[in-house]
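Student: Structure below; questions to follow.
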Amino acid sequence: MRGVLLGVVLGLALELAGRGLAAEAPPPRVIKMTAKKFEYSPAEVHIKKGEHVVLELSSLDRKHGFKLPELGIRADVPPGGTARVEVTAEKAGRFPFACDVFCGDGHEDMTGTLIVDP
Amino acid sequence: MHIDRRELLKLVGLGGVVLGSGLPGFSLAASKGKVAEDFFFLQLSDTHWGFSGPPNPEADKTLKQVVQAVNASKAKPDFIVFTGDLTHTTDDDALRRKRMTEFKTIVADLKAPKVYFLPGEHDASLDKGQAYQENFGALHQSFQHKGVHFIAIDNVSDPAGAVGDTQIDWIKSELGKLDKDAPIVVLTHRPLFDLYPQWDWATADGAKVIQVLEPYRHLTVFYGHIHQENHRMTGHIAHHSAKSLMFPLPAPGSVPKRQPVAWDPEHPARGLGYRGVDVAAKDPTLKLEEFDVKGGRV
Numbered sequence: 017m018r019g020v021l022l023g024v025v026l027g028l029a030l031e032l033a034g035r036g037l038a039a040e041a042p043p044p045r046v047i048k049m050t051a052k053k054f055e056y057s058p059a060e061v062h063i064k065k066g067e068h069v070v071l072e073l074s075s076l077d078r079k080h081g082f083k084l085p086e087l088g089i090r091a092d093v094p095p096g097g098t099a100r101v102e103v104t105a106e107k108a109g110r111f112p113f114a115c116d117v118f119c120g121d122g123h124e125d126m127t128g129t130l131i132v133d134p
Numbered sequence: 688m689h690i691d692r693r694e695l696l697k698l699v700g701l702g703g704v705v706l707g708s709g710l711p712g713f714s715l716a717a718s719k720g721k722v723a724e725d726f727f728f729l730q731l732s733d734t735h736w737g738f739s740g741p742p743n744p745e746a747d748k749t750l751k752q753v754v755q756a757v758n759a760s761k762a763k764p765d766f767i768v769f770t771g772d773l774t775h776t777t778d779d780d781a782l783r784r785k786r787m788t789e790f791k792t793i794v795a796d797l798k799a800p801k802v803y804f805l806p807g808e809h810d811a812s813l814d815k816g817q818a819y820q821e822n823f824g825a826l827h828q829s830f831q832h833k834g835v836h837f838i839a840i841d842n843v844s845d846p847a848g849a850v851g852d853t854q855i856d857w858i859k860s861e862l863g864k865l866d867k868d869a870p871i872v873v874l875t876h877r878p879l880f881d882l883y884p885q886w887d888w889a890t891a892d893g894a895k896v897i898q899v900l901e902p903y904r905h906l907t908v909f910y911g912h913i914h915q916e917n918h919r920m921t922g923h924i925a926h927h928s929a930k931s932l933m934f935p936l937p938a939p940g941s942v943p944k945r946q947p948v949a950w951d952p953e954h955p956a957r958g959l960g961y962r963g964v965d966v967a968a969k970d971p972t973l974k975l976e977e978f979d980v981k982g983g984r985v
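Listed in order, the protein sequences are those of chains H and R.
Whatever position you read off the first sequence (first residue = 1), add 16 for this note's numbering.
Whatever position you read off the second sequence (first residue = 1), add 687 for this note's numbering.
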């Protein structure tokens, strides 16, 4: 009985310690972006190599897309809504992104670059 | 595998005029006897009627010039196919219809027994193909010509650039009627493969479509959208893009922005043109010829 009780107490202590560790992990940096015909703002986004960030995109007019092919990322950016895209870049470089939901005469100009600094 | 024009010419040993090949994937057929007789068709693309701006100071003349060039040519095509972006996009529904009407009036002068149209995203993405269908009919279609099966795929009326499961089922059903050795030409606007998705030069579910096409051994794809020639293989399937008849675009990824190539007053309309496709029945191959806007061979 005494052994069982010790086990429960130890288990609880480990769980609490685990929660404590999890709570210490820093939340990802949130980078707010807007999309509208025919631009993203900001159009250049800087992050650090290995950094975990969330791009929070909102549309100011109509449905747009967000496609960052080299990191395998795509999302719809609905009007009045927000798309959250998690990014962890493992290598430094410049990674172009573009709107992939045709949005009118200027759609082809709706591009930007994620710049991952070393 | 990427093959540019120069490499292709070297491979097939032809000098500067005719792009042609009996190479696997460039051949319509090992299916001898299935192409009933020789024929010739033209691919015109990305006319963007209604566009105006410095990239083409002759924007209201180029298409008319091409119609004259085609009609003046001694080689008479069996048919002509326009692979999308017939008109330049606009948010104004009435103006879109006006541009389509003007375009139809101009191309009605083409001397060809039959003219087929495909939509591009500039024609069909903003209203999901409504005005296009009023003016040109179905968004996707199939037809046969002298033993060759043509399947025209719509990858633009969904603004996200997808073909969609319903249409993919239709493609499966069309192909299901054919022998695996049948000569097949697929027509589309966007590239079915990821040519350069950073510039939206792709089809969202293109990989699914290619998987459906893959079992057919003599299948070739012609498309537009990228305003330049590009010749690429996915497995045994050859994909050939056509030049635009409004403004050329830079090679994929060669510059930061996909802005039109600047008009050169010393060489007006350089980089614009259209394509002839010769289908020979006797030794079934498919030969490509490129023409400038005046009908001169490039």
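Beta carbons are placed, not taken as given, at the ideal position from N, Cα and C, and that holds for glycine.
(1) Would you list, in chain order, the members of the segment 101-124 of chain H that have their beta-carbon closer than 7 Å to a beta-carbon of chain R?
(2) Nearest to D841(R) by alpha carbon, out of K833(R), F804(R) and E745(R)?
(3) In chain order, what residues of the same chain have a beta carbon less than 7 Å from the beta carbon of P95(H), not counting five sequence neighbours either side?
(4) Can you give the Cα-Cα distance for H927(R) and V850(R), rounded to whole angstroms?
(5) List, from N- to C-terminal side, the alpha helix (DSSP H) runs of 4 residues or more that fit wholly inside the segment 725-793 of chain R.
(6) Near S844(R), what residues of its chain come up, given a Cβ to Cβ distance below 8 Å and the 5 sequence neighbours on each side ignored?
(7) Residues of chain H with CB closer than 7 Å to the CB of D887(R), please, in chain order.
(8) Residues in its own chain within less than 6 Å of F830(R) by CB, not counting five upstream and five downstream?
(9) Is there a Cβ of chain H sitting closer than 8 Å to that of K785(R), yes or no?
(10) Got a sec? Which residues, its chain only, sit under 6 Å from D116(H) by beta carbon, not counting five neighbours each side?
(11) Nearest-angstrom Cα distance between H954(R) and V980(R)?
(12) By the 9 Å beta-carbon criterion, what residues does the segment 750-776 of chain R contribute toward chain C?
(13) Quick check: the Cα distance between D881(R) and V872(R), rounded to an integer number of angstroms?
(14) Hey, could you find the ends of the beta strand (DSSP E) E102(H) is sitting in?
(15) The alpha helix (DSSP H) spanning N822(R) covers which residue range?
(16) DSSP puts A925(R) in a beta bridge; with which residues?
(17) So S57(H) is in the beta strand (DSSP E); what residue range does that whole segment cover?
(18) Buried or exposed: which applies to V704(R), given that a residue is buried once 16 or more other Cβ atoms fall within 10 Å of its Cβ?
(19) Mind pulling the chain R residues with CB within less than 7 Å of P85(H)?
(20) Which same chain residues end up closer than 6 Å to F769(R) when comparing Cβ atoms and leaving out the 5 residues on each side of it in sequence?
(21) Specify the secondary structure class of P884(R) as computed by DSSP and reduced to three states.
(22) For G737(R) and R786(R), which I take to be in contact (beta-carbon distance under 8 Å), what is that distance rounded to the nearest angstrom?
(23) Which runs of the beta strand (DSSP E), 3 residues or longer, sit entirely within the segment 831-873 of chain R?
(24) Decide yes or no for the touch test of the segment 883-900 of chain R against the segment 930-948 of chain R: beta carbon pairs closer than 8 Å, at least 3 of them.
(25) Report the option in L71(H), T104(H), K64(H) and P112(H) whose CA atom is closest to the CA atom of D92(H).
(26) Would you call A716(R) buried or exposed, if buried means 16 or more other Cβ atoms sit within 10 Å of its Cβ?
(27) Which same chain residues end up closer than 8 Å to V899(R) when comparing Cβ atoms and leaving out the 5 residues on each side of it in sequence?
(28) My understanding is that H735(R) touches T777(R), with C-beta atoms under 8 Å, so please give their C-beta distance in whole angstroms.
(29) If the cut is a Cβ gap below 7 Å, which residues of chain R does G96(H) touch?
(30) With DSSP collapsed to three states, give me the class of I89(H).
(31) Return helix, strand or coil for D77(H), following the three-state DSSP convention.
(32) Between the segment 62-83 of chain H and chain R, which residues of the former have a C-beta closer than 9 Å to a C-beta of the latter?
(33) Does the distance from the C-beta atom of L73(H) to that of T98(H) stay below 8 Å?
(34) Could you tell me which chain R residues have their CB closer than 7 Å to the CB of T127(H), listed as they occur along the chain?
(35) Thinking G982(R) and A746(R) are a contact (beta carbons under 8 Å), I'd like their distance in whole angstroms, please.
(36) If you draw a straight line from the C-alpha of R877(R) to the C-alpha of D133(H), how long is it?
Tutor: With the structure as the only source:
(1) Here the close residues are P112, A114, D116, V117, F118, G120, D121 and E124.
(2) For this step, residue 841(R) is matched to residue 154 along the second sequence. F804(R) is the residue among K833(R), F804(R) and E745(R) whose C-alpha sits nearest the C-alpha of D841(R).
(3) Start at 1 with the first residue of the first sequence, and residue 95(H) comes out as number 79. Cβ within range, chain order: S75, D77, R78 and K79.
(4) Start at 1 with the first residue of the second sequence, and residue 927(R) comes out as number 240. Start at 1 with the first residue of the second sequence, and residue 850(R) comes out as number 163. Spanning the alpha carbons of H927(R) and V850(R) requires a straight line of approximately 19 Å.
(5) The qualifying runs are 749-759.
(6) Walking along the second sequence from the start, residue 844(R) turns up at place 157. Excluding residues within five positions, the ones whose Cβ falls inside 8 Å are P806, A811, S812, K815, G816, Y819 and L826.
(7) Taking the second sequence and counting its residues from 1, the one referred to as residue 887(R) is at position 200. Simply A114 and D116.
(8) Indexing the second sequence from 1 puts residue 830(R) at position 143. Result list for F830(R): F837, in chain order.
(9) As a working mapping, residue 785(R) is identified with position 98 in the second sequence. Taking a beta-carbon distance threshold of 8 Å, K785(R) does not count as an interface residue toward chain H.
(10) Counted from its first residue, the first sequence places residue 116(H) at position 100. Only G81 and K83 meet the Cβ criterion.
(11) Your numbering for residue 954(R) matches position 267 in the second sequence. Your numbering for residue 980(R) matches position 293 in the second sequence. It is roughly 12 Å from the alpha-carbon of H954(R) to the alpha-carbon of V980(R).
(12) Although the question refers to chain C, the structure presented lacks it and instead comprises the protein chains H and R.
(13) In the second sequence, the residue the question calls residue 881(R) occupies position 194. In the second sequence, the residue the question calls residue 872(R) occupies position 185. Taking the straight line from one Cα to the other gives about 19 Å.
(14) Indexing the first sequence from 1 puts residue 102(H) at position 86. Counting along the chain, the beta strand (DSSP E) containing E102(H) begins and ends at T98 to T104.
(15) For this step, residue 822(R) is matched to residue 135 along the second sequence. For N822(R), the enclosing alpha helix (DSSP H) has its first and last residue at Q817 to F823.
(16) On the second sequence, position 238 is the one that residue 925(R) refers to. Residue pairing by DSSP puts A925(R) in a beta bridge opposite T907(R) and M920(R).
(17) To locate residue 57(H), count along the first sequence from 1; it is residue 41. That run of the beta strand (DSSP E) goes E55 to S57.
(18) Here residue 704(R) is taken as the residue at index 17 of the second sequence, counted from 1. At V704(R), the pLDDT of 25 sits below 50, so the modelled position is not reliable; the number obtained from the coordinates is stated separately. Taking every protein chain shown into account, the CB of V704(R) has fewer than 16 other CB atoms within 10 angstroms, so this residue is exposed.
(19) As a position in the first sequence, residue 85(H) is number 69, starting the count at 1. The contacting residues are P884 and Q885.
(20) In the second sequence, counting from the first residue as 1, residue 769(R) sits at position 82. Around F769(R), the same chain offers L731 and F804 as residues with beta carbons nearer than 6 Å, after the five sequence neighbours per side are excluded.
(21) Locating residue 884(R) in the second sequence gives position 197, counting from the first residue. In the structure shown, P884(R) falls within a helical segment according to DSSP collapsed to helix, strand and coil.
(22) The residue labelled residue 737(R) in the question sits at position 50 within the second sequence. The residue labelled residue 786(R) in the question sits at position 99 within the second sequence. Contact annotation, G737(R) with R786(R): C-beta distance approximately 4 Å; criterion of less than 8 Å satisfied.
(23) As far as the segment 831-873 of chain R is concerned, its whole beta strand (DSSP E) runs of at least 3 residues are 835-839.
(24) Taking a cut-off of 8 Å on C-beta distances, the segment 883-900 of chain R touches the segment 930-948 of chain R, as three or more cross pairs fall below it.
(25) The sequence position of residue 92(H) within the first sequence is 76, counting from 1. Comparing Cα positions, the closest option is L71(H).
(26) The sequence position of residue 716(R) within the second sequence is 29, counting from 1. Any reading at A716(R) must be qualified, since the residue scores a pLDDT of 45, below 50, and its modelled position is unreliable; no value is offered.
(27) Looking up residue 899(R) in the second sequence gives position 212. I855, I858, K859 and L862, listed in sequence order.
(28) Sequence index remark: in the second sequence, residue 735(R) carries index 48 (1-based). Sequence index remark: in the second sequence, residue 777(R) carries index 90 (1-based). Distance from H735(R) to T777(R) at the Cβ level is roughly 11 Å; contact not present, criterion being Cβ atoms closer than 8 Å.
(29) On the first sequence, residue 96(H) is found 80 positions in, with the first residue counted as 1. Correct list: empty, because the minimum Cβ distance to chain R is about 17 Å.
(30) Locating residue 89(H) in the first sequence gives position 73, where the first residue counts as 1. In the structure shown, I89(H) sits in a strand (DSSP, three-state: E or B).
(31) Numbered from 1 along the first sequence, position 61 holds the residue referred to as residue 77(H). Under the three-state reduction of DSSP output, D77(H) falls in the coil class, being neither helix nor strand.
(32) Within the segment 62-83 of chain H, the residues whose Cβ lies closer than 9 Å to some Cβ of chain R are K79, G81 and K83, listed in chain order.
(33) For the purposes of this step, residue 73(H) is identified with residue 57 of the first sequence, where counting begins at 1. For the purposes of this step, residue 98(H) is identified with residue 82 of the first sequence, where counting begins at 1. The answer is yes: Cβ separation under 8 Å.
(34) Here residue 127(H) is taken as the residue at index 111 of the first sequence, counted from 1. Under the 7 Å cutoff, chain R gives K944.
(35) In the second sequence, the residue the question calls residue 982(R) occupies position 295. In the second sequence, the residue the question calls residue 746(R) occupies position 59. Taking 8 Å as the upper bound for CB-CB distance, G982(R) and A746(R) are not in contact here, some 19 Å apart.
(36) Numbered from 1 along the second sequence, position 190 holds the residue referred to as residue 877(R). Numbered from 1 along the first sequence, position 117 holds the residue referred to as residue 133(H). Going from the Cα of R877(R) to the Cα of D133(H) covers about 34 Å.
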